[in-house]
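Below is one structure, written out as structure tokens, with a few remarks after it.
There are 2 protein chains.
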Amino acid sequence: MLERIHLAIVREVDRQGSLTAAANVLCLSQSALSHTVKKLEHQLGIDIWLREGRSLKLTQAGEYLLGVANRVLPQLAYAEERMREYAKGERGTLRIGMECHPCYQWLLKVVSPYLANWPDVDVDVKQKFQFGGIAALFGYEIDLLVTPDPLYRPGLRFEAVFDYEQVLVVGRKHPLAVTSYVKPEQLADEILIAYPVAIDRLDIYNQFLMPAGIMPKRHKVIETTDIMLQMVASGRGVAALPRWLVEEYARKVEITPVRLGAKGISKQIFLGVREADLDIDYLSAFIGQARQPFSTTDKDTEQRS
Amino acid sequence: MLERIHLAIVREVDRQGSLTAAANVLCLSQSALSHTVKKLEHQLGIDIWLREGRSLKLTQAGEYLLGVANRVLPQLAYAEERMREYAKGERGTLRIGMECHPCYQWLLKVVSPYLANWPDVDVDVKQKFQFGGIAALFGYEIDLLVTPDPLYRPGLRFEAVFDYEQVLVVGRKHPLAVTSYVKPEQLADEILIAYPVAIDRLDIYNQFLMPAGIMPKRHKVIETTDIMLQMVASGRGVAALPRWLVEEYARKVEITPVRLGAKGISKQIFLGVREADLDIDYLSAFIGQARQPFSTTDKDTEQRS
DNA sequence: ATAATTGATTACTTTTTCTCATGGATTGCA
DNA sequence: TGCAATCCATGAGAAAAAGTAATCAATTAT
């Protein structure tokens, strides 16, 4: 039988590079590991490592086991963590995953009052998912998914918690800054600055430019909002961001929001959770808190649509 | 520590409804389960079941553990299944290394029927090796080497799987197109197009031009076969390729093969494997499949020598 | 009532796991 | 090149863990 210790050994030998070093980390003798490994290989009927000289190298089967270890061991570790919390009557860790950049800005505003109300709850924010946020939610990598794209699946529950308008940001001296709204054609000669994500996931493309068959003169990728907006302010290009975010930055940077199309692009942020988790009080409390327009000390922010 | 058996117990007690019944399914005595459960609850510091009369009811922590069990146990079971497949040689990744361009063309023909026969085997093709293909084979970077240059070493086994003739390719209107074979001197005024590899590894040089002390007017390097042959077709140069490959392309492109020298240059493709791997059946199956002239839907291809 | 079933407990046995000591092999360094 | 250090494998025995049998007390079904 494949036991936890076997996975731990595979992972640790890989991390440490040798059986001896792994043994120390695992608080076992080198001999114990050697015996255990031998026995496991015998039971499975296949080698996990190739013995090359005095070092070990994973076989294909070993590589696979390493993958299993890296997936399963964290689940067990988290389960134990959770059990400890149950035992102490404590609250747990709320692991929040995010799939969009504006989500992050929004989250920052929701998290701080939440942390004040739930001092015993830790919040972890993750942003990278190998197989997407939904998979991470199903795989118990995260407990809460913040996303603009809800995907209704059995076992999951999504709820819209925030409406906002996606607008074009231009420098204050930009010709478009004075127009009441912008048409797709008007972007044909612009440099469009965006976050590094697939183009078909950017609203300004799939809801605005693409339907009109227009492409900007150039597409430029920038990681951070601050730099992005400084580029916009200096007239190096335009970008698309949530209106509330733009208005907040507009105090510090020379930028102006402009509506995208006559009707504007309206967006929502959704929270996704596993149905089974809905009775975890600190989790449902987060959703409840997120549902209300966030209380803020920023007057500007209240102008959002 | 939370072990596999603990999760199995939680799941089985839930399924069977009682400790005693679960014990039977798990091939353990009721006493053993009772002990194990007691110990686990003590270690975790929290009850997993509420004892109500003579029956058990999951606590909140227990419910959570049950969820973990239902998620994690199947992963382990699947991993074991996979390991069994690895052990039986039914599954694996066949990492194929290649050292020549014609090898690649040939490989394409062998791989597709193989993949159909071995749906659980992945094929990886690598073409760059820091210390050469043989070293990659020894170093377990690859499992199979496709090469025109066998190198017999202890621990390795090479086998010729394919004979072909290396010919000159010229455009159909080229003066040489009508000759029955070409002499080295006749290439002295030609532009010779070749893949980007060291000149001394090109057969047309080391078996044909160099022995005669002749060099072409110019040596031109091109990456891809398609472009290379279009250049040849348009009269911009000549190239050296396997006859079967030329004949296949001759349907689409205006090119003709011409024998190199009166006797022609005959070549072989070899497969190299580690002797220790010969009993891996999906690997030996590949060699077996490669050994036979590839079955093809291309009639042209059967004309190869 | 009473017979049957369930989980808990104790004492004991068996199995598994771990360590120690040691050896052979490889590698790095003087 | 030769020596020291390091690595993994192995056998024997100690320590720990997990298992069983027998029995008890409590609950449930008839």
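Chains A and B, in that order, are what the protein sequence lines are. Take 1 as the starting number for the first sequence in the UniProt record's numbering and just add one per residue. Take 1 as the starting number for the second sequence in the UniProt record's numbering and just add one per residue. Backbone N, C-alpha and C fix where the C-beta goes; we use that ideal spot for every residue, glycine too.
Per-residue burial, residue i [other beta carbons within 10 Å of its own, 16 or more giving buried]
{"i": "lysine 88 of chain A", "result": "exposed"}
{"i": "isoleucine 9 of chain B", "result": "buried"}
{"i": "serine 295 of chain B", "result": "Model confidence at serine 295 of chain B stands at a pLDDT of 44, short of 50, so the residue's coordinates are unreliable; what they give is reported in the following sentence. Exposed: under 16 other Cβ atoms inside 10 Å."}
{"i": "glycine 288 of chain A", "result": "exposed"}
{"i": "tyrosine 114 of chain A", "result": "buried"}
{"i": "leucine 50 of chain B", "result": "exposed"}
{"i": "isoleucine 227 of chain B", "result": "exposed"}
{"i": "leucine 2 of chain A", "result": "buried"}
{"i": "histidine 35 of chain B", "result": "exposed"}
{"i": "glutamate 223 of chain A", "result": "exposed"}
{"i": "glycine 53 of chain B", "result": "exposed"}
{"i": "tyrosine 78 of chain B", "result": "exposed"}
{"i": "serine 305 of chain B", "result": "Note that serine 305 of chain B scores a pLDDT of 33, beneath 50, so its modelled location is shaky; the value from the coordinates is reported in the next line. Exposed: under 16 other Cβ atoms inside 10 Å."}
{"i": "valine 25 of chain A", "result": "exposed"}
{"i": "arginine 95 of chain A", "result": "buried"}
{"i": "alanine 188 of chain B", "result": "exposed"}
{"i": "valine 221 of chain B", "result": "exposed"}
{"i": "alanine 116 of chain B", "result": "exposed"}
{"i": "leucine 241 of chain A", "result": "buried"}
{"i": "alanine 198 of chain A", "result": "exposed"}
{"i": "arginine 91 of chain B", "result": "buried"}
{"i": "lysine 39 of chain B", "result": "exposed"}
{"i": "glutamine 166 of chain B", "result": "buried"}
{"i": "arginine 251 of chain A", "result": "exposed"}
{"i": "leucine 202 of chain B", "result": "buried"}
{"i": "arginine 4 of chain A", "result": "buried"}
{"i": "leucine 108 of chain A", "result": "exposed"}
{"i": "asparagine 62 of chain B", "result": "This sequence places glycine at residue 62 of chain B; asparagine is not what is there. Result: buried."}
{"i": "glycine 171 of chain B", "result": "buried"}
{"i": "glycine 133 of chain A", "result": "buried"}
{"i": "residue 332 of chain A", "result": "Outside the modelled stretch of chain A, which goes from 1 to 305, sits residue 332 of chain A, for which no answer is possible."}
{"i": "glycine 17 of chain A", "result": "exposed"}
{"i": "valine 72 of chain B", "result": "buried"}
{"i": "valine 37 of chain A", "result": "buried"}
{"i": "leucine 56 of chain A", "result": "buried"}
{"i": "glutamine 60 of chain B", "result": "exposed"}
{"i": "valine 13 of chain B", "result": "buried"}
Continuous alpha helix (DSSP H) stretch holding residue i: start and end
{"i": "glutamine 268 of chain A", "result": "No alpha helix (DSSP H) holds glutamine 268 of chain A; the beta strand (DSSP E) holding it covers 265-274."}
{"i": "arginine 291 of chain B", "result": "281-291"}
{"i": "methionine 1 of chain B", "result": "Note, methionine 1 of chain B: premise wrong, no alpha helix (DSSP H); not H, not E."}
{"i": "glutamine 30 of chain B", "result": "30-44"}
{"i": "glycine 67 of chain B", "result": "60-88"}
{"i": "leucine 19 of chain B", "result": "19-25"}
Bridge-paired residues (DSSP) for residue i
{"i": "isoleucine 199 of chain B", "result": "Looking at the DSSP assignment, isoleucine 199 of chain B forms no beta bridge with any residue, so it has no partner."}
{"i": "tyrosine 164 of chain A", "result": "A:Lys267"}
{"i": "histidine 219 of chain A", "result": "A:Leu192"}
{"i": "glycine 171 of chain B", "result": "B:Ile255"}
{"i": "glutamate 52 of chain A", "result": "A:Ser55"}
{"i": "valine 182 of chain A", "result": "A:Leu260"}
Beta strand (DSSP E) segment containing residue i, residue limits
{"i": "arginine 95 of chain A", "result": "93-98"}
Sequence ranges, alpha helix (DSSP H) only - wholly within the stretch 112-161 of chain A, length at least 4: Correct list: 132-138.
3 or more residues per run - each beta strand (DSSP E) lying fully within the stretch 224-250 of chain A: Counting whole runs of 3 or more residues, the stretch 224-250 of chain A contains the beta strand (DSSP E) stretches 238-242.
Cβ contact check for the stretch 39-47 of chain A and the stretch 37-49 of chain B: 3 or more pairs under 8 angstroms: No, the stretch 39-47 of chain A does not touch the stretch 37-49 of chain B.
Segment contact flag, the stretch 260-277 of chain A with the stretch 166-182 of chain A, C-beta cutoff 8 angstroms, min 3 pairs: Yes: at least three Cβ pairs fall under 8 angstroms.
At least three beta-carbon pairs within less than 8 angstroms, the stretch 138-157 of chain A to the stretch 91-107 of chain A: Contact holds: three or more Cβ-Cβ distances are below 8 angstroms.
Stretch pair the stretch 149-160 of chain B + the stretch 240-260 of chain B: three plus CB contacts closer than 8 angstroms: The stretch 149-160 of chain B and the stretch 240-260 of chain B do not touch, with fewer than 3 CB-CB distances between them shorter than 8 angstroms.
Meets three-Cβ-pair contact criterion under 8 angstroms: the stretch 132-142 of chain B and the stretch 270-278 of chain B: These segments touch.
Touch test, the stretch 232-251 of chain A against the stretch 66-85 of chain A, Cβ-Cβ under 8 angstroms, three pairs minimum: Two segments are said to touch when three or more pairs of C-beta atoms, one from each, lie closer than 8 angstroms; by this definition the stretch 232-251 of chain A does not touch the stretch 66-85 of chain A.
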